[in-house]
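Trainee: Numbering (UniProt numbering), first residue to last: 1 to 314. One structure coming up, written as structure tokens, with questions to follow.
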């Protein structure tokens with residue numbers, strides 16, 4: 001009886017371990033390989049310690065959504081300096097920054113797109129499509145039957161996914177789009193930051209005193225440093241708290257758009273999470289659809305500085 005019971009307990013433990021691991025997605029090796037190729041092609045990416053310097057400072061504490069009181073674990077800004085000349089003189093970055101003031105911050109307010117703003121979107125997409133990063137992404141999507149080989153049709157596809165306006169809040173006109181949500185950020189009911197996953201917008205808002213960095217978010221054994229290319233962050237924006245946000249750091253807009261566009265088009269589920277290794281980081285990339293458009297997309301750092309390699313090898 002004792003042998004039977006022992007065997008049963010062993011089997012139960014084994015099954016529970018298998019079940020626990022099955023809750024985590026497996027590494028997507030094909031996309032990891034592709035995204036590392038895009039990483040190497042991202043010549044417009046800014047380099048830590050050369051083009052920008054960050055100070056991650058202290059670990060942020062738990063904050064309830066909607067809370068206005070929070071302990072600040074970072075007395076200094078996240079970005080101590082950024083090479084703005086490089087941003088202004090790199091076409092995709094300069095055209096990207098022109099888009100950041102085109103949107104109403106609060107959801108529920110109908111967006112008005114002017115002819116000038118349409119031209120800015122058009123010029124930005126033209127610049128993105130000229131990069132090796134987006135050309136390789138396009139090539140991959142064509143090989144999978146997800147995009148037309150015609151670059152004009154691919155541009156229209158990108159425009160629909162990222163810039164087509166839709167309703168995020170009911171009982172209003174179209175008040176949001178994928179680009180605004182992911183790269184610019186929005187507020188909801190004046191108490192919640194939604195989206196806002198871009199480092200350039202973070203830097204510019206911080207520089208203009210609209211944003212206050214509160215500290216990093218990470219597991220106890222995984223401490224970020226100034227070279228990390230993805231960070232989980234806590235911050236306030238116009239007095240509204242984001243308990244946990246996340247963003248790539250230093251990457252070009254075309255790199256981020258390419259990654260999330262590929263995941264968006266390769267999947268049909270409303271919510272998709274892909275586990276990938278890029279450079280020295282292991283991360284989950286999350287994409288949520290809003291019909292034929294992008295609802296949100298963001299990276300979630302799991303491990304940096306190749307620490308996951310040692311963990312996974314045991």
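Heads up, the beta-carbon is just placed ideally off N, CA and C, and yes, glycines get one too. Everything numeric in this text was worked out from a predicted model, so none of it was measured.
Return the chain-ordered list of same chain residues with a C-beta closer than 7 Å to the C-beta of residue 21, the five sequence neighbours on each side being excluded.
Mentor: Any reading at residue 21 must be qualified, since the residue scores a pLDDT of 44, below 50, and its modelled position is unreliable; the value itself is stated next. There are no such residues.
Trainee: Can you tell me the Cα-Cα spacing of residue 166 and residue 86, whole angstroms?
Mentor: 34 Å
Trainee: Quick one: give me the first and last residue of the alpha helix (DSSP H) that residue 103 is part of.
Mentor: Run containing residue 103: none; DSSP gives neither H nor E here.
Trainee: Beta-carbon separation of residue 315 and residue 262 under 9 Å?
Mentor: Given that the chain is displayed from residue 1 to residue 314, the structure contains no residue 315 and the question cannot be resolved.
Trainee: Would you identify the three-state DSSP class for residue 180, choosing helix, strand or coil?
Mentor: The three-state reading of DSSP puts residue 180 in helix, counting H, G and I together.
Trainee: Is residue 155 helix, strand or coil by DSSP?
Mentor: helix
Trainee: Identify the residues that DSSP records as bridge partners of residue 246: which are they?
Mentor: 232
Trainee: In angstroms, rounded to a whole number, what distance separates the CA positions of residue 178 and residue 197?
Mentor: 11 Å
Trainee: With residue 300 and residue 286 assumed to form a contact (beta carbons below 8 Å), what rounded beta-carbon distance in angstroms separates them?
Mentor: 6 Å
Trainee: Inspect the beta-carbon positions of residue 95 and residue 123 and report whether they are closer than 9 Å.
Mentor: yes
Trainee: Cutting at 8 Å between CB atoms, please list the residues of its own chain near residue 260, excluding the five before and the five after it.
Mentor: 182, 285, 287, 294, 297
Trainee: Take the Cβ of residue 65 as the centre, count every other Cβ of all protein chains shown within 10 Å, and call the residue buried at 16 or more, exposed below.
Mentor: exposed
Trainee: Which residues bound the alpha helix (DSSP H) around residue 271?
Mentor: Taken as a continuous stretch (DSSP letters only), residue 271 belongs to no alpha helix (DSSP H), being part of the beta strand (DSSP E) at 271–278.
Trainee: Name the DSSP bridge partner or partners of residue 96?
Mentor: According to DSSP, which records beta bridges pairwise, residue 96 is partnered with nothing at all.
Trainee: What is the DSSP secondary structure of residue 286, reduced to helix, strand or coil?
Mentor: For residue 286, the three-state secondary structure derived from DSSP is strand.
Trainee: Pop quiz: residue 70 and residue 214 are said to be a contact at Cβ under 8 Å. What is the actual Cβ separation, rounded to whole angstroms?
Mentor: 6 Å
Trainee: Among the residues of its own chain, which have a CB less than 6 Å from the CB of residue 267, if the five just before and after it don't count?
Mentor: none
Trainee: Determine whether the beta carbon atoms of residue 203 and residue 52 lie at a separation below 9 Å.
Mentor: By the CB criterion at 9 Å, residue 203 and residue 52 fall inside the cutoff.
Trainee: Please identify the residue among 137, 47, 129 whose C-alpha is closest to the C-alpha of residue 258.
Mentor: 137
Trainee: Between which two residues does the beta strand (DSSP E) carrying residue 54 extend?
Mentor: 52–54
Trainee: According to the neighbour-count rule (16 or more other Cβ atoms, all chains shown, within 10 Å of its Cβ), is residue 186 buried or exposed?
Mentor: buried
Trainee: Which of helix, strand or coil does DSSP assign to residue 6?
Mentor: Per-residue confidence for residue 6 stands at a pLDDT of 48, beneath the threshold of 50, marking its modelled position as unreliable; the derived number appears in the next sentence. Residue 6 falls in the helix class under three-state DSSP.
Trainee: Can you grab the Cα-Cα spacing for the pair residue 231 / residue 73, in whole Å?
Mentor: Going from the Cα of residue 231 to the Cα of residue 73 covers about 15 Å.
Trainee: Is it true that the CB of residue 45 sits closer than 9 Å to the CB of residue 255?
Mentor: yes
Trainee: State buried or exposed for residue 372, treating a residue as buried only when at least 16 other CB atoms are found within 10 Å of its CB.
Mentor: In the structure displayed, the chain extends from 1 to 314; residue 372 sits before or after that span and is not available.
Trainee: Please say whether residue 252 and residue 93 have beta carbons closer to each other than 9 Å?
Mentor: yes
Trainee: Which of the three DSSP states is assigned to residue 297 in this structure?
Mentor: strand
Trainee: In angstroms, rounded to a whole number, what distance separates the CA positions of residue 116 and residue 173?
Mentor: 20 Å
Trainee: For residue 59, list the residues DSSP reports as bridge partners.
Mentor: 216
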